[in-house]
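Below is one structure; the comments refer to it alone.
In our numbering, the protein residues as written are 296 to 406.
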């Protein structure tokens, strides 16, 4: 995933908290230790060279965001179970396939 796609993904995740883009971008920039203008430039494709430490910070932030989303999904499943709601078997099979693919990607990345 390139830096532009990572910034877009992280900003969208931040906006899901109800923040407008400028507020979400400022919050994300603060966490990453960069200026909001840097994120805007990356997203608009105006950066010719991206510092390695900034790219590593973006990758780590994306990893943490994915971990938070996994935990949120686990929580939603726990709520469904606690309320006695039935989970559609087809949906469970689809999630299982997605997890299998995720495992394959992680194993490939380790090599």
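All residues carry an ideal CB built from backbone N, CA and C; glycine is no exception.
(request) Excluding the 5 residues preceding and the 5 following residue 356 in the sequence, name in chain order all residues of the same chain whose CB lies nearer than 8 Å to its CB. (result) 301, 305, 323, 326, 327
(message) Using a Cβ-Cβ cutoff of less than 7 Å, which residues in the same chain neighbour residue 244 once the five nearest sequence positions on both sides are dropped?
(response) Residue 244 is absent from the structure shown; the chain starts at 296 and stops at 406.
(message) Considering only the alpha carbon of each residue, which of 405, 404, 299, 403 lies closest to residue 350?
(response) 299
(message) Cutting at 7 Å between CB atoms, please list the residues of its own chain near residue 375, excluding the five before and the five after it.
(response) 382
(request) Can you grab the Cα-Cα spacing for the pair residue 340 / residue 373, in whole Å? (result) 41 Å
(message) Tell me the DSSP secondary structure of residue 332 in three-state form.
(response) helix
(message) Going by C-alpha to C-alpha distance, which of 354, 358, 390, 352 sits closest to residue 369?
(response) 390
(request) Report the rounded CA-to-CA distance for residue 379 versus residue 387, giving the unit in angstroms. (result) 16 Å
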